[in-house]
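Numbering (the numbering used here), first residue to last: 2 to 410. Let me begin by presenting the structure, written as structure tokens, before commenting on it.
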């Protein structure tokens, strides 16, 4: 019982004190602990000019850029506009779904400190119910435990060092075909056992996994599918190697969300996906887009901006009867050069539209408008009607029970 344990501890303290005093060793020299680990280096930021550890906002900023710029007349932007819209929507949905269902309570990992049974430790430290006596006894017990642990070891501390979402690896090809990333929830556990004088300290590290909520898992797959499809759209827009893109593999990882509130979880997940996207763009298109990256941009944002710039500038050249016949990457170089000369894309476009309005005939404008409308209708496998009533009939005939009908509507 606790009382005899104190007698044993007191006797041990007296013996140890005498021995250590005889050999000139102080108590403090035998803690059995290890030095504190050094602070890990912050990861290099994917944002140009940002300090290490700065997260990227490439995905959100790319979507904002497309929202500000996209128009049906820029047909080549339709694919990336659609994917970016879905990507941002699914990231938001993933965060909300995880906050509703994500936790580690079901792992039942007992954390805290345990001691060998023969020490007679009374964790409640309630022996007599008399405060001052129990406090004194608690102090004696704590001192005894410290000495016993310093000599014989045995104290074991268990802590959870990380918890959140883990993903498996997946290629772009598998994701655009409907595959997933095998998402799970996880916890990382660290167990430390003091060795005392006669044994070394021991550390055990392990990870436990459980299935994610089905909705969280589905949204996680959709986010990576959207990123894969966005990379495919960027490959086409940048004139890059499609096989390299399809073979690109998103590495598996663990996203640590331990102890975070809703705002921190949202920030961590959105920055994580932007960093993943930036790294993919660097690996696949770095030689094309890096030279155009602006301070404060992640590479996904840079790539999206180049696609937008090229689409608007080429349409502007076509509008003003400036035919262009170079390669895709030459078109990017020309677009960025013209934009720099004008000051920005908006100024370039406004100047060209003013010229077009003042110097082209109404017949030429009507022909161009009809061509734009025909292209927009072709995108949905429809034909531009010749008369007003034909357009109304076409809209009223759409089948909204189909995806194609809903998209056209």
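A virtual CB, placed ideally from N, CA and C, is assigned to each residue, including glycine.
Pick from the options that is closest to residue i, judged by C-alpha positions
{"i": "residue 300", "options": "310, 275, 322 and 324", "result": "275"}
{"i": "residue 259", "options": "285, 166 and 45", "result": "166"}
{"i": "residue 43", "options": "54, 49 and 116", "result": "54"}
{"i": "residue 108", "options": "61, 163 and 82", "result": "163"}
{"i": "residue 85", "options": "283, 342 and 309", "result": "309"}
{"i": "residue 209", "options": "218, 347, 190 and 219", "result": "190"}
{"i": "residue 169", "options": "250, 327, 369 and 232", "result": "250"}
{"i": "residue 111", "options": "184, 142, 188 and 67", "result": "188"}
{"i": "residue 186", "options": "255, 409 and 396", "result": "255"}
{"i": "residue 161", "options": "113, 139, 136 and 392", "result": "113"}
Rounded straight-line distance, which links the Cα of residue j to that of residue i
{"i": "residue 377", "j": "residue 73", "result": "7 Å"}
{"i": "residue 77", "j": "residue 351", "result": "21 Å"}
{"i": "residue 385", "j": "residue 230", "result": "29 Å"}
{"i": "residue 36", "j": "residue 247", "result": "Residue placement at residue 36 is poorly supported in this model, since its pLDDT is 42, which falls under 50; the coordinates still yield a value, given next. Distance between the alpha carbons of residue 36 and residue 247: 47 Å."}
{"i": "residue 272", "j": "residue 91", "result": "14 Å"}
{"i": "residue 240", "j": "residue 313", "result": "17 Å"}
{"i": "residue 303", "j": "residue 96", "result": "25 Å"}
{"i": "residue 282", "j": "residue 405", "result": "31 Å"}
{"i": "residue 206", "j": "residue 284", "result": "33 Å"}
{"i": "residue 1", "j": "residue 324", "result": "There is simply no residue 1 to check, as the chain begins at 2 and stops at 410 in what is shown."}
{"i": "residue 83", "j": "residue 71", "result": "10 Å"}
{"i": "residue 331", "j": "residue 320", "result": "19 Å"}
{"i": "residue 182", "j": "residue 87", "result": "18 Å"}
{"i": "residue 396", "j": "residue 51", "result": "50 Å"}
Residue i, buried or exposed, once every other Cβ within 10 Å from all chains shown has been counted against 16
{"i": "residue 125", "result": "exposed"}
{"i": "residue 296", "result": "exposed"}
{"i": "residue 289", "result": "buried"}
{"i": "residue 47", "result": "buried"}
{"i": "residue 394", "result": "exposed"}
{"i": "residue 133", "result": "exposed"}
{"i": "residue 131", "result": "exposed"}
{"i": "residue 264", "result": "exposed"}
{"i": "residue 26", "result": "Residue placement at residue 26 cannot be trusted, given a pLDDT of 41 that sits under 50; what the coordinates show is reported in the next sentence. With fewer than 16 Cβ atoms within 10 Å of its Cβ, residue 26 is classed as exposed."}
{"i": "residue 64", "result": "buried"}
Determine, using beta-carbon pairs with one atom in the segment 162-177 and one in the segment 225-237, whether at least three such pairs fall under 8 Å.
The answer is yes - the segment 225-237 touches the segment 162-177, with three or more Cβ pairs under 8 Å.
Minimum length 3: unbroken beta strand (DSSP E) runs contained in the segment 307-358
With a minimum length of 3 residues, no continuous beta strand (DSSP E) run stays inside the segment 307-358.
Please specify which runs of the beta strand (DSSP E), each continuous and at least 3 residues long, are wholly inside the segment 134-190, giving them in chain order.
Fully enclosed beta strand (DSSP E) runs of 3 or longer: 157-168.
For the segment 199-265, which segments carrying the beta strand (DSSP E) assignment without a break, of at least 3 residues, lie completely within its bounds, in sequence order?
Qualifying beta strand (DSSP E) stretches, in chain order: 203-212 and 254-257.
Using 8 Å as the threshold, is the segment 352-371 in touch with the segment 55-65, meaning 3 or more CB pairs across them?
In short, these stretches do not touch, since the Cβ pair count stays below three.
Looking at C-beta atoms only, is the number of pairs between the segment 363-373 and the segment 334-349 that lie closer than 8 Å three or more?
When C-beta atoms of the segment 363-373 are compared with those of the segment 334-349, fewer than three pairs fall below 8 Å, so the two segments do not count as touching.
What are the start and end residues of each continuous beta strand (DSSP E) run of 3 or more residues lying completely inside the segment 282-307, in chain order?
The segment 282-307 contains no whole beta strand (DSSP E) run of 3 or more residues.
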